[in-house]
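Those letters in the sequence shown? Residues 32 to 413, per my numbering, in order.
We treat Cβ as the ideally placed atom computed from N, Cα and C, and that holds for glycine.
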Amino acid sequence: MKKIYKSLLFAVIACLPFLTSCKDDNDSNPTLSFPANFELNKPEFAVNNVYDLPGANTVNLTTTQPYYGGWPAAVTYAVQVSLDDTNEEGWHELSTTYTSTKINIPATELNAAILDMYRAAHEDADPEGEMPLYVRLRAYLADTGEHYGEVFSNVITLNVLSYDTPSDVTLPTAIFVCGNSIADAWTTWKPLAPVYGREGRFYTMVYNGADGFKWGYKANDWFGYDKITEFDNQVEGLTISTDGDGNIVFSQSGWYVLEFVTKIVGSEVQVKLVVAPGIAGVIGNAVDNASWSGINMTAPASKDGDWTFSDFTGSGELRAYISVPGEDWWRTEFTLYNGELYWRTIDIPNDWATNAGEEYSVTVGAGKTLKINFDRNTGSVE
């Protein structure tokens, strides 16, 4: 059938420049023509009902074949969907194509496409409740490339519910790192702090000596480069690669902020590693009574030195933080408790003394120096 179709198509195309003479030879010869549009039928179910996509098997559509001149053309149909039919650039084409005018779209494919489009437009948020979905078909002549004879159908509207189905997979509750330049080389599993109020996000400050490290959800997991779904490298000139042992390797020595951002996609946990310049700061009444704008601490040249801060202009409670891109300072705040860094895990509408207890409150002021060892997560005020 394919060979017959191709021969017929070439014969018709050959006749196009000499259409008059072809008609003279045989008035019954078909003439290839390209239609302006064709009809996609709106399902009866769609009028007063909602497609619960995660609970459905297929979404069934029917169409009429585009009129290409009255001869038996083989046509391929691609399904395109949009959350906004006023934006021509917002159409997303599903990967499955069809050769029949009866089109049964897998509900899982449609649901996944909607989630991807919605999250991209709403900062990874999931849709809530029913919403309109705009659907159209793109048709083209089969075996001639994806655009020859291309024509679009009318747009229909379906009311849909799209959401992630419940899964046994849960977000991690902890992340650790271990490496050649982290505390005791390849022995210390350094725990990351959770970003306050942001489930599945963890951060830390590390020194890297242009060498490698591993990570995990617990000590001795030994996860490496291949377990990271996406790298967000925000350090100019830094290259992130791997080595023969699967370690995550930085090309330059220095202090770095790491943030692991985890999310559940389908039945798996995906992990984005954000790598940013090592910056920590002090904020609050002890440094600025008006703007609370924050002032950076001074970083040591190596992992063995202390981060320091001596620019206290007033007296008050220590409010310090690690600067994590995209996160508010108070989400990555820390204080000192018994000589160790204590990361914020509670709401602090007032101050550490009032909301956590006097033992978590450190008083600083003019003449004082804050010293922090981020390699060991210890600190003092002298």
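Nearest to residue 268 by alpha carbon, out of 283, 259, 226, 139? Cα-wise, what sits closest to residue 268 is 283.
Using 8 Å for Cβ pairs, my map puts residue 319 next to residue 348. What's the rounded Cβ distance? The C-beta distance from residue 319 to residue 348 rounds to 13 Å, too long to fall under 8 Å, and the pair is not in contact.
Coarse secondary structure for residue 162, derived from DSSP in three states: Residue state, collapsed to three classes: strand.
At which residue ranges does the segment 132 to 214 contain complete alpha helix (DSSP H) runs of 4 or more residues, listed in the order of the chain? Taken in chain order, the whole alpha helix (DSSP H) runs of length 4 or more contained in the segment 132 to 214 are 138 to 152.
Identify the residues that DSSP records as bridge partners of residue 312: which are they? The partner list for residue 312 (beta bridge, DSSP) reads 327, 352.
Pairwise C-alpha distance: residue 384 and residue 401: Looking at the two C-alpha atoms, the distance is approximately 18 Å.
As assigned by DSSP and simplified to three states, the class of residue 254: The three-state reading of DSSP puts residue 254 in strand, counting E and B together.
Residue 109 versus residue 176 - alpha carbon distance: Each residue's Cα considered, the two are about 13 Å apart.
The beta strand (DSSP E) with residue 384 in it runs from where to where? Not the beta strand (DSSP E): residue 384 falls in the alpha helix (DSSP H), residues 383 to 386.
Whole-angstrom C-beta distance between residue 353 and residue 363, which should lie under 8 Å: The beta-carbon distance between residue 363 and residue 353, rounded to whole angstroms, is 5 Å. This is short enough to meet the 8 Å contact definition.
Taking just the CA atoms, how far does residue 221 sit from residue 209? Inter-residue distance for residue 209 and residue 221 is about 6 Å (C-alpha atoms, whole angstroms).
Beta-carbon separation (whole angstroms), residue 263 vs residue 305, contact threshold 8 Å: Cβ-Cβ separation between residue 263 and residue 305: approximately 4 Å, consistent with a contact (criterion under 8 Å).
Give the range of the beta strand (DSSP E) segment to which residue 339 is assigned. First-last of the beta strand (DSSP E) with residue 339: 338 to 340.
Proximity to residue 285 [Cα-Cα], best of 242, 226, 151: Proximity to residue 285 across 242, 226, 151 peaks at 242, based on C-alpha coordinates.
On the three-state DSSP scale, how would you describe residue 230? Coil at residue 230, not helix or strand.
If contact is defined by three or more beta carbon pairs under 8 Å, each pair taking one atom from either stretch, is the segment 64 to 84 in contact with the segment 191 to 205? Taking 8 Å as the limit for Cβ pairs, the verdict is that the segment 64 to 84 does touch the segment 191 to 205.
Under 8 Å between C-beta atoms, does residue 255 make it to chain C? Going by chain labels, chain C is absent from the structure shown, which holds only one protein chain.
State the DSSP-derived secondary structure class of residue 30, mapped to helix, strand or coil. Nothing about residue 30 can be read from this structure; the chain reaches only from 32 to 413.
Tell me, please, whether the segment 358 to 378 touches the segment 386 to 399 by the rule of three or more beta-carbon pairs shorter than 8 Å. Yes, the segment 358 to 378 is in contact with the segment 386 to 399.
Name, in chain order, the residues that DSSP records as bridge partners for residue 260. Residue 260 is not bridged to any residue.
Is the beta carbon of residue 167 closer than 8 Å to that of residue 124? No, Cβ-Cβ distance for residue 124 and residue 167 is not below 8 Å.
Closest to residue 66 by C-alpha separation, out of 366, 299, 180, 140, would be which residue? Taking only the C-alpha atoms, the option nearest residue 66 is 180.
Measure the alpha-carbon distance for residue 293 versus residue 368 and round it to whole angstroms. Going from the Cα of residue 293 to the Cα of residue 368 covers about 29 Å.
Suppose you measure from the CA of residue 300 to the CA of residue 200; what does that come to, to the nearest Å? Roughly 7 Å separates the two Cα atoms.
Per-residue DSSP class, three states only, for residue 121: DSSP places residue 121 in helix when its eight states are reduced to three.
Report buried or exposed for residue 323, applying the criterion of at least 16 other Cβ atoms within 10 angstroms of its Cβ. Label assigned to residue 323: exposed.
Spatial neighbours of residue 132 within its chain, please: C-beta separation below 7 Å, excluding the five flanking residues on both sides. The residues are 93, 94, 95, 96.
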